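Trainee: Numbering (our numbering), first residue to last: 1449 to 1603.
This is the structure I want to talk about, given as structure tokens.
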């Protein structure tokens, strides 16, 4: 499990670097042929992790419920994202992996609701969810890289 947390933390660092190095106006551009933007992908990766690990374990997420609702599966970018929301995501990215690792080590993930993802992977344990989360973060990292190339923003 240690390696899974280490990789998650690294991906969060990459997401944070992208968030902080991209000009604010570029974070919200939806480049063709995409249907979302850089900020949505970063926020979505963060909140999906909370859903996979905490919600499927019948535990309250460690992030704000409004943020989770706004960027969960099936959502699309909304107009009018303000700087405070960007800051909320930026502040959470370096913290959430530590929270998840700490909670895992404390044994708080006692129950888990099996769930079949849209990639047709069935998650039966919190360990499955933590592992699948890396696939999900990587998938969105690929999308982020594609968008960066289209927008000519720093990698």
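Just so you know, even glycine gets a beta-carbon here, dropped at the ideal spot from N, CA and C.
This structure is a prediction, so every number in the text was calculated from the model and none was measured.
Give the secondary structure of residue 1486 by DSSP, where H, G and I count as helix, E and B as strand, and everything else as coil.
Mentor: As a position in the chain shown, residue 1486 is number 38, starting the count at 1. In this structure, residue 1486 counts as helix in the three-state DSSP scheme.
Trainee: What residue does the alpha helix (DSSP H) around residue 1458 start on, and which one ends it?
Mentor: Stepping through the chain shown from its first residue, residue 1458 is reached at position 10. That run of the alpha helix (DSSP H) goes 1450-1469.
Trainee: Residue 1510 lies in the alpha helix (DSSP H); which residues open and close that run?
Mentor: By one-based count along the chain shown, residue 1510 stands at place 62. Residue 1510: not part of any alpha helix (DSSP H); DSSP gives it neither H nor E.
Trainee: Do the region 1544-1563 and the region 1472-1487 meet, that is, are 3 or more Cβ pairs less than 8 Å apart?
Mentor: no
Trainee: Taking C-alpha atoms, which residue in 1476, 1456 and 1472 lies nearest to residue 1392?
Mentor: Residue 1392 lies beyond the residue range present for the chain, which begins at 1449 and ends at 1603; the question has no answer from this structure.
Trainee: As a quick exercise: from 1594, 1569, 1549 and 1598, pick the residue whose alpha carbon is nearest that of residue 1584.
Mentor: Taking the chain shown and counting its residues from 1, one reaches residue 1584 at position 136. Among 1594, 1569, 1549 and 1598, the Cα nearest to that of residue 1584 is on 1569.
Trainee: Report the residue from 1566, 1492 and 1507 whose alpha carbon sits nearest the alpha carbon of residue 1517.
Mentor: Working through the chain shown from its first residue, we reach residue 1517 at position 69. Looking at the Cα atoms, 1492 is the closest of the given residues.
Trainee: Should residue 1505 go down as buried or exposed, given a rule of 16 or more other Cβ atoms within 10 Å for buried?
Mentor: Within the chain shown, numbered from 1, the residue matching residue 1505 stands at position 57. In summary, residue 1505 is buried, with 16 or more beta-carbon neighbours lying within 10 Å of its beta-carbon over all protein chains present.
Trainee: Check this for me: beta carbons of residue 1565 and residue 1580, under 8 Å apart or not?
Mentor: Along the chain shown, one-based indexing puts residue 1565 at 117. Along the chain shown, one-based indexing puts residue 1580 at 132. In this structure, residue 1580 lies closer than 8 Å to residue 1565 by Cβ.
Trainee: Just to confirm before moving on: does the CB-CB distance between residue 1452 and residue 1542 stay below 8 Å?
Mentor: As a first step, residue 1452 must be located in the chain shown, where it is residue number 4. As a first step, residue 1542 must be located in the chain shown, where it is residue number 94. Their beta carbons are not under 8 Å apart, which means residue 1452 does not touch residue 1542 by this criterion.
Trainee: When you compare each of 1454, 1481 and 1455 to residue 1592 by their alpha carbons, which one comes out closest?
Mentor: Within the chain shown, residue 1592 is the residue found at index 144, counting from 1. Closest option to residue 1592, Cα to Cα, is 1481.
Trainee: Do you know offhand how far residue 1598's Cα is from residue 1494's?
Mentor: As a working mapping, residue 1598 is identified with position 150 in the chain shown. As a working mapping, residue 1494 is identified with position 46 in the chain shown. Those two C-alpha atoms are separated by around 23 Å.
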